[in-house]
Every structure is written in C-alpha cells, then in structure tokens.
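In my numbering, the protein residues as written are 218 to 508. Beta carbons: idealized from backbone N, C-alpha and C, even for Gly. Values in this document were obtained by computation on a predicted structure and should not be read as measured data. Take a look at the structure below.
Below you can see the structure in the form of structure tokens.
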C-alpha cells in the first residue's frame with residue numbers, strides 16, 4: 218500500500234479557526250492557532266480530537282499490512298468478524314449475532330446498488346430544483362464505507378470524502394481502487410469542523426450522518442460557509458419513529474425506547490455501541506439564509 222501523500226486538492230484551511238495553513242513537510246500548521254495536522258496512511262487528518270478506538274486502530278493496521286492481498290469484501294468481513302470476537306469475549310452467545318449476520322449480508326449484497334439508487338434520487342432532486350446535475354466540486358460528509366462515493370464520483374469533476382473513522386476511509390479507499398476511480402480525495406475530519414475555505418464547494422452530500430451530530434445546526438452552518446452561491450446540501454437520514462427496522466441496527470421499533478434503553482438493546486442484540494438519533498426538529502437547524 219502506498220502511504221505517501223499527493224494532494225489532488227490543495228486549498229485546505231484550519232477546521233477550527235478557518236485560518237491559513239502552511240506546509241511543513243507532508244504536514245500542515247495553522248498560522249493563527251498553531252494547530253498541527255498530519256496524515257494517516259496517506260490521508261490528510263484534520264480531526265480536532267482522536268475518534269478511533271483501540272479496536273478500530275488495530276483493524277486499520279491489519280488492513281494496511283495485508284493491503285495487496287485483501288479485497289473490499291474481505292475487509293468488510295474482517296470488520297464483522299472482529300465485532301463477533303468482541304461479542305464472544307463479552308460472553309455473548311452465537312445465536313445473539315443474528316442482526317449482525319444480517320447486516321453483513323445486506324451490506325455485501327447491496328453496496329454497489331445502494332449508491333446507484335442514491336445517485337438517481339439526488340439527480341432527480343437537483344433537476345427539479347433547477348440545480349446543475351454536474352458540478353465542479355462535491356463533498357460527501359460521513360462517507361463511511363464508500364457506497365455513495367462509488368457513484369457520486371460521476372457527478373462532479375472533483376469529489377472529497379470526509380469521515381472521522383480511519384478504518385472506514387481505508388475501506389472506501391479499497392473500494393475506489395478496485396473500481397479505478399481517481400477523482401476522489403479522502404480526508405479524516407469532522408462535519409462540524411470542515412477544512413475547506415468559504416464559498417469553495419458546489420454541493421454537499423451526507424447520508425445517515427446528521428443524526429449523529431451533537432449539534433446538527435453547527436454542521437449546517439459549516440455547509441453554508443463552504444458552499445458557493447448557488448449551492449446545495451442533500452441530506453438523507455432515518456426517521457427515528459419509523460415502524461420499519463432502525464436503519465443502523467435492523468432492530469424493529471428501536472426508536473420508541475428511551476436512549477438509555479436503546480443502547481442496552483443494541484448492545485445485547487448486536488454487540489455494537491450505539492448513539493441514538495435524537496428526536497430532533499430539524500426546522501430549528503435550517504441553513505442560514507445566505508446559503
């Protein structure tokens with residue numbers, strides 16, 4: 218795996234103060250606030266705090282050490298195998314992994330088609346709103362394992378995927394590599410503190426991410442700051458009170474329990490840590506009118 222870094226995109230700013238950055242070797246330093254930003258496995262790291270758990274860092278290292286031998290689907294299976302091992306170590310029984318097994322099968326069966334459906338929905342929305350369906354620069358906030366980026370790369374000349382998780386971006390990198398996609402830059406960062414200059418982005422895509430932000434309004438304000446005028450934000454997020462299985466866990470009726478009960482239910486059924494999408498009224502988190 219090549220861990221050297223070559224910038225396709227070179228207009229970064231400090232995600233904290235939006236100040237100018239100066240290069241120091243392969244790293245950056247913010248002039249105004251003196252924060253240092255490095256890179257991890259050849260990807261820019263603009264996170265303001267560490268996000269990865271020890272298990273996630275170990276998985277990322279395993280990915281990199283066996284990079285040339287692994288496929289994207291191999292890496293997905295390794296992720297779920299690790300979750301099962303943690304569950305067994307915590308005393309869970311194998312029959313309790315049913316939801317985890319279903320989630321793995323669902324992802325492997327749909328990762329190519331899901332992004333295509335998302336792209337079609339996005340294209341229809343842009344067409345109805347009179348926005349250009351092909352843009353110069355697009356960012357995908359919370360790009361996760363790359364399912365949307367696989368197809369969003371056809372929508373813009375330049376696409377930037379941003380996520381807080383190192384192992385997730387490595388999965389995305391492998392997926393893009395397998396499909397010979399070369400117009401996407403991957404960067405570690407937080408959607409509430411974007412490392413882009415003001416008025417430099419044509420569109421923002423974000424799928425099933427805004428519900429995890431402590432303050433959705435901060436994310437939308439950052440989108441507004443970064444967008445050119447006209448620009449657009451396309452959000453897809455689950456309805457907590459849907460009667461269908463909860464999007465992230467596949468558990469029926471999860472949203473009707475309290476957040477404390479939800480965490481316990483998810484931990485018992487899937488061995489995952491879970492932060493509930495809160496029942497927020499997003500009308501209180503609208504884009505500023507300048508967008």
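Residues bridged to residue i (per DSSP)
i, result
"residue 257", "260"
"residue 241", "244"
"residue 380", "405"
"residue 271", "In DSSP, residue 271 forms no bridge with anything."
"residue 373", "352"
Backbone secondary structure at residue i - three-state DSSP
i, result
"residue 226", "coil"
"residue 345", "helix"
"residue 321", "helix"
"residue 390", "helix"
"residue 355", "strand"
"residue 396", "coil"
"residue 505", "Reliability of the predicted coordinates at residue 505 is poor, the pLDDT of 46 falling under 50, and the value obtained from them is presented with this limitation in mind. Of the three classes helix, strand and coil, the one that applies to residue 505 here is coil, per DSSP."
"residue 339", "helix"
"residue 332", "helix"
"residue 235", "coil"
"residue 479", "helix"
"residue 266", "coil"
"residue 310", "coil"
"residue 252", "coil"
Rounded distance between the beta-carbons of residue j and residue i, thought under 8 Å
i, j, result
"residue 445", "residue 418", "7 Å"
"residue 358", "residue 366", "About 11 Å separates the two Cβ atoms, so there is no contact after all."
"residue 392", "residue 363", "4 Å"
"residue 388", "residue 258", "So it is not a contact: roughly 12 Å between Cβ atoms."
"residue 411", "residue 232", "6 Å"
"residue 458", "residue 448", "Wrong, their Cβ atoms sit about 31 Å apart, outside the cutoff."
"residue 260", "residue 404", "6 Å"
"residue 436", "residue 408", "5 Å"
"residue 355", "residue 420", "5 Å"
"residue 243", "residue 256", "6 Å"
"residue 314", "residue 304", "6 Å"
"residue 427", "residue 452", "6 Å"
"residue 384", "residue 273", "5 Å"
Status (buried if at least 16 other CB within 10 Å, exposed otherwise) for residue i
i, result
"residue 237", "exposed"
"residue 422", "buried"
"residue 395", "exposed"
"residue 378", "buried"
"residue 277", "buried"
"residue 479", "buried"
"residue 275", "exposed"
"residue 486", "buried"
"residue 470", "exposed"
"residue 399", "exposed"
"residue 373", "buried"
"residue 332", "buried"
"residue 318", "exposed"
"residue 282", "exposed"
"residue 285", "exposed"
3 or more residues per run - each beta strand (DSSP E) lying fully within the region 403 to 474 | 418 to 424 and 444 to 453
Which ranges does the alpha helix (DSSP H) cover as unbroken runs of at least 4 residues, wholly within the region 278 to 308, from first to last along the chain?
-> 289 to 306
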